[in-house]
Amino acid sequence: MSDTSVKQQSTAAFYGQAVASFAVALAATAVGIFQLDADPWVRGFLGIAVLYLVTSAFTLAKVIRDRQEAGQIVNRVDQARLEKLLAEHDPFEKL
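For the sequence shown, UniProt numbering begins at 1 and goes up steadily by one.
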């Protein structure tokens, strides 16, 4: 049985760029909220809102990844069943 699926791996540079981009965006947002000319409770509310948005984004990314991985497992099981079925009913086997 051959596995034709290719697991895509990101490079270390791509991973580093993603982490750096996330850190810069979060830091810029924090500085922007801190420098905002507003009452402290407004800045605190915006800070909590940003943290909630970040955690929700991480959760969404994990759910999407988990569903994709589950779909890949089902596809591999279905492929193995199909290959077994075809091997059992091979018309050229008796030749």
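All C-beta atoms in this analysis are idealised placements derived from N, C-alpha and C, irrespective of residue type, glycine included.
Just so we're clear, the structure is a prediction, and the values are computed from it rather than from any experiment.
Check	Outcome
Cβ pair count under 8 angstroms reaching 3, the segment 24-34 against the segment 42-56	yes
Coarse secondary structure for Gln9, derived from DSSP in three states	coil
Span separating the alpha-carbon of Gly71 from that of Val77	10 angstroms
Buried or exposed (CB count within 10 angstroms, at least 16 for buried), Gly44	exposed
Secondary structure of Ala38, DSSP reduced to three states	coil
Supposed close pair Ile33, Gly47 - CB separation, criterion 8 angstroms	5 angstroms
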